[in-house]
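In the working numbering, the protein residues as written are 969 to 1296.
Here's the structure, in structure tokens; my notes come after.
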């Protein structure tokens, strides 16, 4: 009402009339150095294999992962997040913490090829277990406390191979404290933990399960990932991870949970990461391929919205394209 009373003296369109003015008064900025690119490394692959539900995203052979990471670094993207697909899986995900596992070997190669790139590793057993769940199974149920020791071994093996940051995504209770204690006891008290603090049991993960070969062989993950309807619970998860020693906190997925990102941002002073997940990527790609949307415009709008909600960093499969657009 006050605005109407001041018209025509107050005209908000004055600050929208051309690109230079709009840029000058822009409140939220998306930069290349805020992006993290997820990469899938397949132990048995001989050639890059495109993921059918994620156009443009590959499972990379060990022999070619360094070449791709070098391309990503040249675009100015500061960090990559690694997921591994091993040749062999078993009930306890033993390849997840093997000295010469697929991710451990990928880290070593990347540290030689692109030493300036930050290597973040996903710490979860689902890609390595033959049942596809994120921990040890007894009587059809994921065992929380028994799984923690294996997750700690996995994180330690990644850091010993050269990982810069570990990112536990399993959603077991107490895992941040166990990982922090294990890393500290082995002399890695400077290694940050990027906690998947608020990870929902989401339908948007579908394409990722093809990419990582991690579909559960029975049931689902709703007994340990969060109910999409809950936000107060998200703040409890957040507080728990902060108290246990998390250095960064994450909300996953991003697009349907912008309100949660904002609450997390307002609730803590730690860096906030948002994961623009596979289903969000694939929906945009499919619509763009059908000519229904302008891909670049929509992607930039989505990622800017994630930043506006409060995320400091965004994990996104769009990172190379966005970096190219921003650099151009």
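Positions of the beta carbon are idealized from the N, C-alpha and C atoms, including for glycine.
Requested in this report: Return the residue from the list 1165, 1172, 1056 and 1245 that minimises the CA-CA distance to residue 1211.
Outcome: In the chain shown, counting from the first residue as 1, residue 1211 sits at position 243. It is 1165.
Report task. Starting from the Cα of residue 1096, find the closest Cα among 1129, 1138, 1076 and 979 and give me that residue. Result -> Stepping through the chain shown from its first residue, residue 1096 is reached at position 128. For the residues 1129, 1138, 1076 and 979, the minimum Cα distance to residue 1096 belongs to 1138.
Query raised in the report: When burial is assigned at 16 or more other CB atoms within 10 Å of the CB, is residue 1006 buried or exposed?
Result: Along the chain shown, one-based indexing puts residue 1006 at 38. Buried: at least 16 other Cβ atoms inside 10 Å.
Query raised in the report: Taking C-beta to C-beta, are residue 1219 and residue 1236 nearer than 8 Å?
Result: Start at 1 with the first residue of the chain shown, and residue 1219 comes out as number 251. Start at 1 with the first residue of the chain shown, and residue 1236 comes out as number 268. Residue 1236 sits away from residue 1219, with the two beta carbons spaced by 8 Å or more.
Requested in this report: Tell me whether residue 1158 is buried or exposed, calling it buried when 16 or more other Cβ atoms sit within 10 Å of its Cβ.
Outcome: The count along the chain shown starts at 1 and reaches residue 1158 at position 190. Using a 10 angstroms sphere on the CB of residue 1158, the tally of other CB atoms stays under 16, which defines it as exposed.
Requested in this report: Output the distance between the C-alpha atoms of residue 1189 and residue 1180, rounded to the nearest integer angstrom.
Outcome: Residue numbering aside, residue 1189 sits at position 221 when the chain shown is read from its first letter. Residue numbering aside, residue 1180 sits at position 212 when the chain shown is read from its first letter. Straight-line Cα distance between these residues: approximately 16 Å.
**Report entry** Neighbourhood of residue 1041 by C-beta, 8 Å cutoff - its chain only, sequence neighbours within 5 removed
**Finding:** To locate residue 1041, count along the chain shown from 1; it is residue 73. Contacts found: 1082, 1084 and 1085.
Query raised in the report: Going by alpha carbons, who is nearest to residue 1112 out of 1074, 1279, 1033 and 1092?
Result: Translated into the one-based positions of the chain shown, residue 1112 becomes position 144. Per the Cα distances, 1092.
**Report entry** CB contact flag (residue 1246, residue 1175, <8 Å)
**Finding:** Position 278 of the chain shown, counted from the first residue, corresponds to residue 1246. Position 207 of the chain shown, counted from the first residue, corresponds to residue 1175. It is a contact, given that the beta carbons lie within the stated cut-off.
Query raised in the report: Taking DSSP as the reference, what is the three-state secondary structure of residue 1036?
Result: To locate residue 1036, count along the chain shown from 1; it is residue 68. Three-state result, residue 1036: helix.
Query raised in the report: Since residue 1229 and residue 1279 are thought to touch, with beta carbons under 8 Å apart, how far apart are those beta carbons, to the nearest angstrom?
Result: Position 261 of the chain shown, counted from the first residue, corresponds to residue 1229. Position 311 of the chain shown, counted from the first residue, corresponds to residue 1279. Yes, residue 1229 and residue 1279 are in contact; Cβ-Cβ is about 6 Å, under 8 Å.
Query raised in the report: Taking C-beta to C-beta, are residue 1088 and residue 1161 nearer than 8 Å?
Result: For the purposes of this step, residue 1088 is taken as the residue at position 120 of the chain shown. For the purposes of this step, residue 1161 is taken as the residue at position 193 of the chain shown. Residue 1088 is not a Cβ neighbour of residue 1161, given a cutoff of 8 Å.
Query raised in the report: Cα-Cα, which of 1060, 1080 and 1056 is closest to residue 1069?
Result: Here residue 1069 is taken as the residue at index 101 of the chain shown, counted from 1. If we check each option's Cα against that of residue 1069, 1056 comes out closest.
Query - Length of the line joining the Cα atoms of residue 1065 and residue 990 - result: The sequence position of residue 1065 within the chain shown is 97, counting from 1. The sequence position of residue 990 within the chain shown is 22, counting from 1. Between residue 1065 and residue 990, the alpha-carbon positions lie close to 50 Å from each other.
Query raised in the report: Hey, is the segment 1259-1272 in contact with the segment 1025-1036, meaning 3+ C-beta pairs nearer than 8 Å?
Result: Contact between the segment 1259-1272 and the segment 1025-1036 is absent, with fewer than three C-beta pairs closer than 8 Å.
Query raised in the report: Pick from 1140, 1106 and 1099: whose alpha carbon is nearest that of residue 1117?
Result: The count along the chain shown starts at 1 and reaches residue 1117 at position 149. Scanning 1140, 1106 and 1099 for the CA closest to the CA of residue 1117 turns up 1140.
Query raised in the report: Would a C-beta distance cut-off of 8 Å place residue 1016 and residue 1028 closer than the cut-off?
Result: Walking along the chain shown from the start, residue 1016 turns up at place 48. Walking along the chain shown from the start, residue 1028 turns up at place 60. Yes, these two residues count as a Cβ contact at 8 Å.
Query raised in the report: Of the residues 1269, 1185, 1206 and 1231, which one's Cα is nearest the Cα of residue 1244?
Result: Start at 1 with the first residue of the chain shown, and residue 1244 comes out as number 276. Answer by Cα proximity: 1269.
**Report entry** Environment of residue 921 [buried if 16+ CB atoms lie within 10 Å]
**Finding:** Here the chain covers residues 969 to 1296 and nothing more, so residue 921 does not appear.
Query raised in the report: Are the beta-carbon atoms of residue 1129 and residue 1053 separated by less than 8 Å?
Result: Here the question's residue 1129 lines up with position 161 in the chain shown. Here the question's residue 1053 lines up with position 85 in the chain shown. With respect to the 8 Å criterion, residue 1129 and residue 1053 are not classified as neighbours on the basis of their beta carbons.
Query raised in the report: Can you give the Cα-Cα distance for residue 1123 and residue 986, rounded to whole angstroms?
Result: Start at 1 with the first residue of the chain shown, and residue 1123 comes out as number 155. Start at 1 with the first residue of the chain shown, and residue 986 comes out as number 18. C-alpha separation (whole angstroms): 50 Å.
Requested in this report: Quickly, what does DSSP pair residue 1110 with across the bridge? List them, please.
Outcome: Counted from its first residue, the chain shown places residue 1110 at position 142. DSSP, once it has assigned bridges, lists 1105 as partnering residue 1110.
Query raised in the report: Mind checking residue 1242: buried by the 16 CB within 10 Å criterion, or exposed?
Result: In the chain shown, counting from the first residue as 1, residue 1242 sits at position 274. Using a 10 angstroms sphere on the CB of residue 1242, the tally of other CB atoms reaches 16 or more, which defines it as buried.
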